[in-house]
Amino acid sequence: MYLSISKLARENKNIEEFQFRGKGARALEREREAIRHAGGHDLKEDAALRDPTVAPAQRGTASPADSGAATVSWRGDGEYVAVSTLEDALVEATLECVARRVVRVFTREGALHSVLEPADGVEHALAWRPSGAVLALTQRGHDDDGAPVLQVAFFERNGLRHGEFDTRLDAAAGRVAGLAWACNSEVLALQLADRVQLWTSKNYHWYLKQELVVSGADARNEVVFVRFHPEKPLHLMVGTSRAGLWVYNLAQQTATGPTVAGRDAGMVVVIDGAEAKVTPLALANVPPPMAYRDYDFDAPLCAAAVNRANDAFAVATCAGDVHVCRVSPADMRRGVQPAVATIGRALIATPDEVVKQVCFIADTTVAVLVDAPGASRVELFDVHATATHVASAELGVRAVLLKARADFAAAVAECVDGSLLEVLAAGATARVAQFPVLCHDFEVCMVSGDMGEEPVALGVSGNGKLYGNDTHLASGVTSIKATQDHLVLTNAHSQVCFVHLKNVLEPATFSFLQNQTAAAADERVRQIERGLVLVSCIPSKYSVVLQAPRGNLETICPRIMVLSGVRNFIAALDYRNAFVACRTHRIDLDLLHDYDPALFHSNVELFVKQIGRADYLDLFVSCLHEEDVTQTKYRDTLRQAPLLDLAKLSLEPRNAEPASASPRRIIFNKEDARTSSKINRICNAVLEVLSAPPYESQFLQTRVTAYACQAPPNLPGALSLISALEDEDEHEKAITHLCFLLDVNKLYDHALELYDVKMALNIAQKSQKDPKEYLPFLQNLHVQTPLRRQFLIDDHLKHYSKALGWLHELGHEAVAELDDFVVKHSLYKDALAIYRYDDQRNKHILALYAEHLVEEKKYSESGVIYEYLGSLEQALESFVLCMRWKEALAIAQSLPGKELVISTAERLSSMLVDDHKYSDAAEIELRVLGNVEEAIKLHCMSYQFDSAILLATEKNHTDLIASTVDLQLDESFGVIAELLADCTSQANSQLKRLRELRQKKEDDPYAFYGIPNDDLDTPDNVSVAASETSTTPSFFTKYTGKTSGTAKTGASRKTSKNRKREERKRAKGRKGTIYEEEYLIKSVGRLVERLDQTEADALRLIEGLVRRHKMQQAYQIQHNWGKLTVFLRENIQEIHNMSEKDRERIDDNGEIYLIDEIPAPVIRDFPKLEMLDY
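Residue numbers (full-length UniProt numbering): 1 to 1174.
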């Protein structure tokens, strides 16, 4: 049975009528039509059209090197399986039978899903990427230049091609026996006859990272199979024909240079087969797969390293040779080729040994890790001039990783048991630390301690655990790097974190990683894109370079690196570089002062000299804030500055009462605030330096800025500085700059305060004022005398006190104007201060002041003034109006006419009675009017029954006791008895209602809070969906205003009208609302307060009743009062038991808050007469 190629082509839509016809094919058709109409014959009528943007269709002929074997590969999830077979196919056009490699995709049930599109030269090797994206096959073909190539092609599950890459093998002699993927789909292994190639992809480029040669010791040894571990991505098993199984535990390593400031060129070497891609990231951040410079070698590379000076790098080839290339970043920029020194394999290892890794010690010593059959050793070579063998360091066990110490003073090898051995340049070895488990990456740093510098080993295991020597420090770590100050790490939370090396071995140091909420504001934590890993750190540029899983590089400048650099600059008094770093990375310039205020103030002149530019100093001064940024934004986590105490920043004293409890405000002395302000201290210090002759002209603009940026702006100082300038050009520039910084209207007013009309005109011309507003006024000022000009300016600025002083200096001609000015602006006290030594004018002003007080209805003080001035009639009227009866009667008696005294007394008595001051009215009736009966009656109205009885006895009017006192006792008894009855009834009814409300709320809270009844029929045309205008209240939200909408939406409807309506509801306490409970509780409080106020009158009433033999009435008052007191004491706590939910209210922003608890009043015992207590 033959397979029809045309049939398969139609199935895969690869014949002409099904092929995509792009714009290239359409352009070709138009060109052929144009040639045919022109009579040309370049294009034949039956010539096939082909779109140059689409690859030509292939027949799928088999490769000559195809083994003919059938291959099966399952997708990672087991849902699909690909079967590759070599079959005979019939070409329908020529009836020719050809061999064709066919790849079919089946479901797990065995149903055919798709057939891969025909591709010439496809071979038997097949591997499905575990992620399921593509199938990998080997294919022989030709490149764009027509040269034969052996490549790996990728196909999608639906059969369409999805790219390829060149294996760089000899297309004629190369054979790929098989393909294998790592379980994480990141590494592709190519099985060759005597080696295994490992490929990875970044940014759509495939890198040959490693060649594992199995024929080193035995040339006849061949690779039989290659398998990756199904769960451990970089665990590889290689089966050989003569040497058994070889198991590799691979790890990814980045070959970088030093990460210490001063030597941090960010040099990175990337291996790609026989090519080394070198990029100094501090010089050029070149995105992969490109590189700053590419260097080719004669064999595939397996390891690379950079020296301490960044002027040389070493590479180890899979053949066992080591090449040392000397080329600095400056030479790279000029395109200079490196000087290469080669260390042959014969000098390094025997045929049965493997050259694994290479690193530098300092600048000229190369350490090479060699694996022998039993153990590993490190070969040391001096490559200063020529490659010279220095020493061999036997490790005694097998080593898995070799890298330079962080300071490049030694090489460190990690052994299979987790131990770290340090190898010095002379060949001596020393044990550094022991990791609990094998780590795939580590850093060894020298950390200052009590005993000097000690090595600290930090390693990351395969499961992401970070170890410091033998201590577990953190988990979820994906990569690490070490600088001179910090351990930099990335973690599974997509963060790059910085840990101070000084205390890196303390587990508590990593506690900030556990609190993700607090870590968001910590300088040691920076959020990054998911999957980023560290490539290099460049402290001198405050940057960290990371690589994303897809391969692109991302350079960030974490805050802690910038702040560390700035702090180091400040400590070294290098304010210029500190300023540039803050300005470049948008760090608040307050840090230049706040990090060490004493250091700053003692070196202000040095600061000015180093900054050197007026615009830079302007930026510094204008960006200052009052807060100490070292305590808020930029806390130094190494010094562990204490947390910000907000109470220290408050302008209120520590023991001050809350604003709601006390209406008083504390007003500070403005001078104290000005001197205590951080901004003002800095501005004054800068001004002090800039006012010196070497700087005053160069930094004139900065001086103006320093005045303007003080808190509050020192406008008089700035304007005085500008007015003193003689150069018109400088004067104009300074005015323009000041108008840019501040409000022009305020500047105009302050210029007038200086009485500088010319400057005020200059400022006004730079504002948006209409000239009609200021020109007439300024022109008028120009023609006035100095005193009159100053008066007009202060009057215009509403500085009336100062204006009054200028009027006084104008002399006698302005006396009438001064009096009118005093009356108009109520400047009586200022005028009195001016004329305190001029008796005549002082009395005149006092007379004006008294008239003003009468208008303001301040009769008491006006009466005193009139009496002082001798105006007794006006004084009498003022004292009468303020009901100061003693002063009024004294003045009336000093005036002629007895009728005046009588009329004054009667008037005062009537006014005092209306004001319920019965005792004072009784005194007038008795002493002036001689009306004993009225006086007794008034004493009784004030419950002074003892005084009334005494007065009747003294005046021999005992008959008035029975006729007047007894009558008033009965009336007072009725008032108090009625009060007690009302209070008792109110207390009982309100307690009952409170109990009903609370019981109803407990039994059926939905009914109590008025939730709409869901059983009611809803019309069909009414939406029941929640919306901003139709929202069903949730539980307990009817009166709090909270709905399912947002708080801000609710706040937008909280108008002033609604607030007033809410207050009225609360005041009324309408029955059935949530406000009723609050109203009832407050009503009981008012009842208790009323009883307390009436208690003294009740006691005097009881005593009066007893004295007048009205025992039954006295007993009734005392008994009922005591009974009511007991009732209130027993139930007052129950009455004031208001739940927290009932105290909920909503503010203007739509947020729920709790009203203050209503405190229960104290119920005092009612003082009792023992004779009635039965």
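Built from N, CA and C at the ideal position, the CB exists for glycine as well. No experiment lies behind these values; they were computed from the predicted model shown.
Please say whether VAL260 and THR555 have beta carbons closer to each other than 8 angstroms?
As a working mapping, residue 555 is identified with position 555 in the sequence shown. As a working mapping, residue 260 is identified with position 260 in the sequence shown. In this structure, VAL260 does not lie closer than 8 angstroms to THR555 by Cβ.
Quick check: what's the CA-CA separation for LEU116 versus TRP199?
By 1-based counting over the sequence shown, the position of residue 116 is 116. By 1-based counting over the sequence shown, the position of residue 199 is 199. So the two alpha carbons sit approximately 24 angstroms from each other.
For the beta strand (DSSP E) holding HIS750, just list the boundary residues, first then last.
Counting from 1 along the sequence shown, the entry for residue 750 is found at position 750. From DSSP, HIS750 is part of no beta strand (DSSP E) but of the alpha helix (DSSP H) over 744–753.
Applying the criterion that 16 or more other CB atoms from any shown protein chain within 10 Å of the CB defines a buried residue, is ARG703 buried or exposed?
What you label residue 703 is simply residue 703 of the sequence shown in a count that begins at 1. Answer is buried; the Cβ neighbour count reaches 16.
Can you tell me where the alpha helix (DSSP H) with MET332 in it begins and where it stops?
Taking the first residue of the sequence shown as 1, we reach residue 332 at position 332. Its alpha helix (DSSP H) spans residues 329–334.
Would you mind sorting GLU855 into buried or exposed? The rule is 16 or more other CB atoms within 10 Å of its CB.
Position 855 of the sequence shown, counted from the start, is the residue given in the question as residue 855. By the neighbour-count rule (16 or more Cβ atoms within 10 Å), GLU855 is not buried but exposed.
Is it the case that the region 233–246 contacts the region 579–597, given that we only count it when at least three CB pairs across the two stretches are under 8 angstroms?
Contact fails: fewer than three Cβ-Cβ distances are below 8 angstroms.
Are the beta-carbon atoms belonging to ALA548 and GLY565 less than 8 angstroms from one another?
If you number the sequence shown from 1, residue 548 lands on position 548. If you number the sequence shown from 1, residue 565 lands on position 565. No, Cβ-Cβ distance for ALA548 and GLY565 is not below 8 angstroms.
To which residues of the same chain is LYS1110 closer than 7 angstroms at the C-beta, ignoring the five residues directly before and after it?
Numbered from its first residue, the sequence shown carries residue 1110 at position 1110. Excluding positions up to five away in sequence, the list reads LEU969.
Confirm, please, whether the CB-CB distance from MET332 to VAL306 is below 8 angstroms.
Within the sequence shown, numbered from 1, the residue matching residue 306 stands at position 306. Within the sequence shown, numbered from 1, the residue matching residue 332 stands at position 332. Cβ atoms of VAL306 and MET332: not closer than 8 angstroms.
Pull the bridge partners of CYS445 from the DSSP assignment, please.
The sequence position of residue 445 within the sequence shown is 445, counting from 1. CYS445 pairs with VAL456.
Work out the CA separation of CYS739 and LEU747 for me, nearest whole Å.
Here residue 747 corresponds to residue number 747 of the sequence shown, with the count starting at 1. Here residue 739 corresponds to residue number 739 of the sequence shown, with the count starting at 1. Each residue's Cα considered, the two are about 7 angstroms apart.
Applying the 10 Å Cβ sphere with the 16-neighbour rule, what's the burial state of CYS623?
Here the question's residue 623 lines up with position 623 in the sequence shown. Exposed.
Among SER691, ASP594, TYR918, VAL444, which has the Cα closest to the Cα of GLU453?
Residue 453 sits at position 453 when you count from the first residue of the sequence shown. For GLU453, the nearest C-alpha among the options comes from VAL444.
If I measure Cβ to Cβ from LYS1168 and keep anything under 7 angstroms in the same chain, skipping five residues before and after, which residues do I get?
Here residue 1168 refers to the residue found at position 1168 of the sequence shown. So the list reads GLN1118, GLY1122, once near-sequence residues are dropped.
Please classify LYS202: is it buried, with 16 or more other beta-carbons within 10 angstroms of its beta-carbon, or exposed?
Sequence index remark: in the sequence shown, residue 202 carries index 202 (1-based). Buried, since its Cβ has 16 or more Cβ neighbours within 10 Å.
Measure the Cβ-Cβ separation of GLU414 and VAL400 and say whether it is below 8 angstroms.
Locating residue 414 in the sequence shown gives position 414, counting from the first residue. Locating residue 400 in the sequence shown gives position 400, counting from the first residue. Yes, the Cβ-Cβ distance between GLU414 and VAL400 is below 8 angstroms.
For GLU1170 and ALA977, what's the separation of their Cα atoms in angstroms?
Start at 1 with the first residue of the sequence shown, and residue 1170 comes out as number 1170. Start at 1 with the first residue of the sequence shown, and residue 977 comes out as number 977. Near 20 angstroms, if we compare the C-alpha coordinates of ALA977 and GLU1170.
Could you check whether the region 882–900 touches the region 912–925, counting it as contact only if at least three pairs of C-beta atoms, one from each stretch, sit closer than 8 angstroms?
Verdict: yes, contact present.
Rounded to whole angstroms, what is the Cα-Cα separation between GLY68 and VAL340?
As a position in the sequence shown, residue 68 is number 68, starting the count at 1. As a position in the sequence shown, residue 340 is number 340, starting the count at 1. Approximately 46 angstroms between the Cα atoms of the pair.
Apart from the five residues on each side of it in sequence, which residues of its chain come closer than 7 angstroms, Cβ to Cβ, to SER767?
Here residue 767 refers to the residue found at position 767 when the sequence shown is read from its first residue. Counting only Cβ-Cβ distances below 7 angstroms, and skipping sequence neighbours, we find VAL744, ASN745, TYR748.
Tell me whether CYS983 sits in a helix, a strand or coil according to DSSP, three-state version.
For the purposes of this step, residue 983 is identified with residue 983 of the sequence shown, where counting begins at 1. Residue state, collapsed to three classes: helix.
Kindly list the residues whose CB is nearer than 7 angstroms to the CB of VAL213, restricted to its own chain and excluding five residues on each side of it in sequence; keep chain order.
Indexing the sequence shown from 1 puts residue 213 at position 213. ASP194, ARG195, CYS318.
On the criterion of 16 or more Cβ atoms from any shown chain inside 10 Å, does THR490 qualify as buried, or is it exposed?
Stepping through the sequence shown from its first residue, residue 490 is reached at position 490. THR490 comes out buried.
Given this structure, state the Cα-to-Cα distance separating MET1155 from MET1138, to the nearest angstrom.
Here residue 1155 refers to the residue found at position 1155 when the sequence shown is read from its first residue. Here residue 1138 refers to the residue found at position 1138 when the sequence shown is read from its first residue. Reading off the sequence, residue 1155 comes out as Ile, not Met. Whole-angstrom Cα-Cα distance: 11 angstroms.
So what does HIS389 bridge to, in DSSP terms?
Translated into positions along the sequence shown, residue 389 becomes position 389. For HIS389, which the question treats as bridged, DSSP gives the partners PHE381.
Between ILE949 and LEU967, what straight-line distance do the alpha-carbon atoms span, to the nearest angstrom?
Along the sequence shown, one-based indexing puts residue 949 at 949. Along the sequence shown, one-based indexing puts residue 967 at 967. Cα to Cα, the separation comes out at about 13 angstroms.
In three-state terms, what does DSSP make of GLY930?
Indexing the sequence shown from 1 puts residue 930 at position 930. Looking at GLY930 - three-state DSSP - the assignment turns out to be coil, as it is neither helix nor strand.
For a test of the three-state rule: what should DSSP assign to GLU523, helix, strand or coil?
Position 523 of the sequence shown holds residue 523. Coil at GLU523, not helix or strand.
If you reduce the DSSP assignment to three classes, tell me which class LEU424 lands in.
Here residue 424 refers to the residue found at position 424 of the sequence shown. LEU424 falls in the coil class under three-state DSSP.
Under a three-way DSSP split, which group does TYR835 fall into?
Walking along the sequence shown from the start, residue 835 turns up at place 835. DSSP places TYR835 in coil when its eight states are reduced to three.
Have a look at GLN197, ASP1003, LYS609 and flag the residue whose alpha-carbon is nearest the alpha-carbon of LEU690.
Walking along the sequence shown from the start, residue 690 turns up at place 690. Nearest of GLN197, ASP1003, LYS609 to LEU690, Cα basis: LYS609.
Would you please state the rounded distance, in angstroms, between the beta carbons of VAL496 and VAL504? I believe it to be under 8 angstroms.
One-based indexing of the sequence shown puts residue 496 at position 496. One-based indexing of the sequence shown puts residue 504 at position 504. Not quite, the Cβ-Cβ distance comes to about 16 angstroms (not below 8 angstroms), so this is no contact.
Tell me PRO148's beta-bridge partners as DSSP assigns them.
What you label residue 148 is simply residue 148 of the sequence shown in a count that begins at 1. PRO148 pairs with HIS142.
Across which residues does DSSP place ALA325 in a beta bridge pair?
Here the question's residue 325 lines up with position 325 in the sequence shown. For clarity, residue 325 is Cys in the given sequence; the question names Ala instead. Paired residue(s): PHE313, VAL340.
List the endpoints of the continuous alpha helix (DSSP H) containing VAL822.
Sequence index remark: in the sequence shown, residue 822 carries index 822 (1-based). From DSSP, the alpha helix (DSSP H) with VAL822 extends over 815–825.
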